Amino acid sequence: MIVLDVNLLMYSYLRASPFHRVASRWFESVLSGSEQVGIPLHSVSGFIRITTHPRFSIGAVDLTTALSAVDSWLAEPNVNLLYPAEQHWPILRKMLIKGQALGDMSSDAHLAAITMENGGTLYTTDRDFARFPGLRWTNPLAANV
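Residue numbers (my numbering): 11 to 155.
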């Protein structure tokens, strides 16, 4: 399963992003593919929090527009919304300790735990995820940027 970090959602959606062209091409291929895609509620809430913030540097969108984008992604047959499940706390606790995820990094530990709980691979442009042992992750834009 492909699990999506908020940065890829943002890059693929926001035309003003310097990574938009390559990210949107990649994202469209993933959405139209056959592999299962998981979008953590954590990534959805981050997308909405950032894109609707009035001070967002590359142009905030209104809430209805942001929600419509999320709804369109979730309407794809191979896409599911991911939530923390029964084993989330033990995995999260381990990621916090082993990854030395203090402060803001605890949010990354949460995303790592959701990914591991679902047996997925995290797709992100953030190299900080290398700190979490056992997490499979990749940067799908690395070869194209």
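Ideal Cβ positions, reconstructed from N, Cα and C, are used throughout, including at glycine. Note that the structure is a prediction, hence the values are computed from the model and not measured.
In the same chain as Met105, and ignoring 5 residues on each side of it, the C-beta atoms closer than 7 Å to its own belong to Ala111, Ala119, Ala122, Ala123 and Phe142, in chain order. Pairing Val47 with Asn128 gives a Cβ-Cβ distance that is not under 8 Å.
Its Cα nearest to that of Ala85, the residue Ile49 stands out among Ile49, Phe57 and Asn17. Nearest C-alpha to Val89 among Leu41, Ile107 and Leu51: Leu41. With respect to the 8 Å criterion, Leu19 and Ser44 are not classified as neighbours on the basis of their beta carbons.
In the three-state scheme derived from DSSP, where H, G and I count as helix and E and B as strand, Tyr93 is classed as coil.
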